[in-house]
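Trainee: I am attaching a structure below and will ask some questions about it afterwards.
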Amino acid sequence: MMPAEQQVLPVLEESAGTRTMAGSSKRSDTPAVVLGGLHKSFGSQVVLDGIALTVQSGETLAMLGRSGTGKSVLLKLIIGLEKPDSGSIHVHGQEITRLDLEALNAIRKKMGFLFQHAALYDSLSVEQNIAFPLRRHTKMTDSECTDRVKQLLASVGMESDLKKMPSDISGGMQKRVGLARALALEPDILLLDEPTAGLDPITSGEIDELILKLQEEHDMASIVVTHDLQSAKTIADRITLLHEGHVLIDGSFEDLEKSDNEFVSEFMKRDS
Ligand SMILES: Nc1ncnc2c1ncn2[C@@H]1O[C@H](COP(=O)(O)OP(=O)(O)OP(=O)(O)O)[C@@H](O)[C@H]1O
Ligand SMILES: [Mg+2]
Numbered sequence: 095m096m097p098a099e100q101q102v103l104p105v106l107e108e109s110a111g112t113r114t115m116a117g118s119s120k121r122s123d124t125p126a127v128v129l130g131g132l133h134k135s136f137g138s139q140v141v142l143d144g145i146a147l148t149v150q151s152g153e154t155l156a157m158l159g160r161s162g163t164g165k166s167v168l169l170k171l172i173i174g175l176e177k178p179d180s181g182s183i184h185v186h187g188q189e190i191t192r193l194d195l196e197a198l199n200a201i202r203k204k205m206g207f208l209f210q211h212a213a214l215y216d217s218l219s220v221e222q223n224i225a226f227p228l229r230r231h232t233k234m235t236d237s238e239c240t241d242r243v244k245q246l247l248a249s250v251g252m253e254s255d256l257k258k259m260p261s262d263i264s265g266g267m268q269k270r271v272g273l274a275r276a277l278a279l280e281p282d283i284l285l286l287d288e289p290t291a292g293l294d295p296i297t298s299g300e301i302d303e304l305i306l307k308l309q310e311e312h313d314m315a316s317i318v319v320t321h322d323l324q325s326a327k328t329i330a331d332r333i334t335l336l337h338e339g340h341v342l343i344d345g346s347f348e349d350l351e352k353s354d355n356e357f358v359s360e361f362m363k364r365d366s
């Protein structure tokens with residue numbers, strides 16, 4: 095777990111507040127996330143060089159791109175874990191790049207985040223990891239909490255592993271627990287960094303089905319970073335391909351297939 099991720103997790107959970115568990119999202123005409131002219135460099139390395147992107151409520155955007163193109167950095171900018179050098183980030187209409195921590199935390203209430211490396215609490219069991227935000231931010235009784243944890247674990251196919259420690263489960267299983275934890279407080283915006291990486295095709299398919307179901311039931315906006323083109327095709331309303339700091343293409347799976355851009359065609363060929 096990276097130190098920065100360690101820092102943000104309690105903040106995300108702390109900020110979640112007391113929420114109802116009744117799927118309270120309301121469809122809004124205001125887009126869930128709007129990125130405008132985002133630039134981000136680390137030292138002399140330019141990672142994001144003017145990203146513009148909009149994700150509507152209820153929409154799932156799959157984000158593709160070669161390793162090191164800045165996909166994880168982009169998600170971290172959206173939750174305010176990294177700050178852009180310039181550009182704007184609107185979340186449900188509110189610009190977040192210059193907010194103080196308190197205001198940022200209020201925005202983070204609406205977001206569920208799965209880090210690329212799951213970032214579970216090592217000293218807590220699977221059950222405790224998922225129960226953590228529930229116990230802290232809802233008024234659930236112990237038995238309600240246990241039921242909810244079991245339900246979340248069942249939704250990611252992990253119901254028989256609740257007593258295990260993170261070090262005793264595989265990387266793919268850690269990822270599924272991270273996904274269950276990201277969903278625990280029913281976010282309006284879900285940011286998933288490689289949710290199916292390291293999973294077998296059947297489990298990957300089940301995770302895809304879960305993402306689709308959540309999208310239908312809760313009207314969530316999701317940004318899903320994935321290297322899996324089939325998964326992107328299944329879950330996404332739109333697909334975007336990041337390349338050399340830019341959004342190279344933003345459209346349907348068919349748009350990507352039909353594209354005559356050399357890099358897009360090469361990417362589609364290699365990944366299929
Ligand atoms: N905190 C940081 N300090 C310095 N460089 C960073 C930092 N975070 C990311 N980078 C650099 O930014 C670039 C993009 O990283 P990022 O993790 O976003 O790639 P990615 O597209 O998610 O790749 P992958 O598909 O392998 O996960 C990389 O070159 C990385 O080394
Ligand atoms: Mg990444």
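Per our numbering, the very first residue in the sequence shown carries number 95; after that it's consecutive.
C-beta: ideal position from N, C-alpha, C; glycine also.
Using a strict less-than 6 Å threshold between each residue's beta carbon and the heavy atoms of ligand 2, what residues do you get?
Mentor: Here the residues come out as Lys165, Ser166, Gln210 and Asp287.
Trainee: Hey, is the region 163–181 in contact with the region 125–144, meaning 3+ C-beta pairs nearer than 8 Å?
Mentor: Yes, the region 163–181 touches the region 125–144.
Trainee: Compute the Euclidean distance between the alpha carbons of Pro227 and Phe357, then round it to the nearest angstrom.
Mentor: Near 42 Å, if we compare the C-alpha coordinates of Phe357 and Pro227.
Trainee: With Leu214 as the anchor, note down where its beta strand (DSSP E) starts and where it stops.
Mentor: First-last for Leu214: undefined, no H or E at that position.
Trainee: Sorry if obvious, but does the Cβ on Val271 come closer than 6 Å to a heavy atom of ligand 1?
Mentor: Checking every heavy atom of ligand 1 against the Cβ of Val271, none is found closer than 6 Å.
Trainee: Between the Cα of Gly187 and those of Thr148, Ile224 and Pro260, spot the shortest distance and give me the residue it belongs to.
Mentor: The option with the nearest alpha carbon to Gly187 is Thr148.
Trainee: Is it buried or exposed, Val279, if we count other Cβ atoms within 10 angstroms and call 16 or more buried?
Mentor: Here residue 279 is Leu; the residue named in the question, Val, does not match the sequence. Flag for Leu279 reads buried.
Trainee: If you measure from the CB of Gly162, is any heavy atom of ligand 1 nearer than 6 Å?
Mentor: The answer is yes for Gly162.
Trainee: Quick check on the DSSP output: the beta strand (DSSP E) that includes His184 runs from which residue to which?
Mentor: Where His184 is concerned, the enclosing beta strand (DSSP E) stretches over Ser180 to Val185.
Trainee: Mapping DSSP to helix, strand and coil, what is Asp313?
Mentor: DSSP places Asp313 in coil when its eight states are reduced to three.
Trainee: If you run the structure through DSSP and keep just helix, strand and coil, what is Ser249?
Mentor: Reduced to three states, the DSSP call for Ser249 is helix.
Trainee: Just to confirm, are Glu253 and Leu246 a CB contact at a threshold of 7 Å?
Mentor: No, the pair does not count as a contact, with Cβ atoms beyond the cut-off.
Trainee: For Lys269, is the classification buried or exposed, using 16 other Cβ atoms within 10 angstroms of its Cβ as the cut-off for buried?
Mentor: So Lys269 ends up on the buried side.
Trainee: For ligand 1, I want to know if Phe136 counts as a neighbour, meaning its beta carbon is within less than 6 Å of at least one of the ligand's heavy atoms.
Mentor: Yes, ligand 1 has a heavy atom inside 6 Å of this Cβ.
Trainee: Measuring alpha carbon to alpha carbon, tell me which of Leu286, Asn223 and Lys204 ends up nearest Asp255.
Mentor: It is Asn223 whose Cα lies nearest to the Cα of Asp255.
Trainee: Do you know whose CA, among Ser346, Glu360 and Asp354, lies nearest Glu153's CA?
Mentor: The shortest Cα separation from Glu153 among Ser346, Glu360 and Asp354 belongs to Ser346.
Trainee: Mark Asp349 as exposed unless 16 or more other C-beta atoms lie within 10 angstroms of its C-beta, in which case mark it buried.
Mentor: With fewer than 16 Cβ atoms within 10 Å of its Cβ, Asp349 is classed as exposed.
Trainee: Spell out the partners DSSP gives Gly130 in its beta bridges.
Mentor: Looking at the DSSP assignment, Gly130 forms a beta bridge with Ser182.
Trainee: Run through DSSP, which three-state label would Lys120 get?
Mentor: Any answer about Lys120 is weak, because its pLDDT of 48 lies below 50 and its placement is not dependable; what the coordinates show is given next. Coil.
Trainee: Please give the ranges of any alpha helix (DSSP H) in the region 235–293, keeping only runs that are unbroken, at least 4 residues long and fully inside the region.
Mentor: Complete alpha helix (DSSP H) runs here, min 4: 236–249 and 265–277.
Trainee: Is the region 303–315 touching the region 231–241 in the sense that three or more CB pairs, one from each, lie closer than 8 Å?
Mentor: No, the region 231–241 is not in contact with the region 303–315.
Trainee: Would you tell me roughly how many angstroms separate the C-alpha atoms of His211 and Lys170, rounded to the nearest one?
Mentor: So the alpha carbons of these two residues sit roughly 13 Å apart.
Trainee: So Phe226 is in the alpha helix (DSSP H); what residue range does that whole segment cover?
Mentor: Per DSSP, Phe226 belongs to the alpha helix (DSSP H) from Val220 to His231.
Trainee: Just checking Val318 against ligand 1 - is the residue's beta carbon closer than 6 Å to any of the ligand's heavy atoms?
Mentor: Val318: no, Cβ never under 6 Å from ligand 1.
Trainee: Distance check for Leu158 and Thr290, CA to CA, integer angstroms please.
Mentor: So the two alpha carbons sit approximately 13 Å from each other.
Trainee: Starting from Asp349, follow the beta strand (DSSP E) in both directions and report where the run begins and ends.
Mentor: It is not in any beta strand (DSSP E) - Asp349 instead sits in the alpha helix (DSSP H) that spans Phe347 to Lys352.
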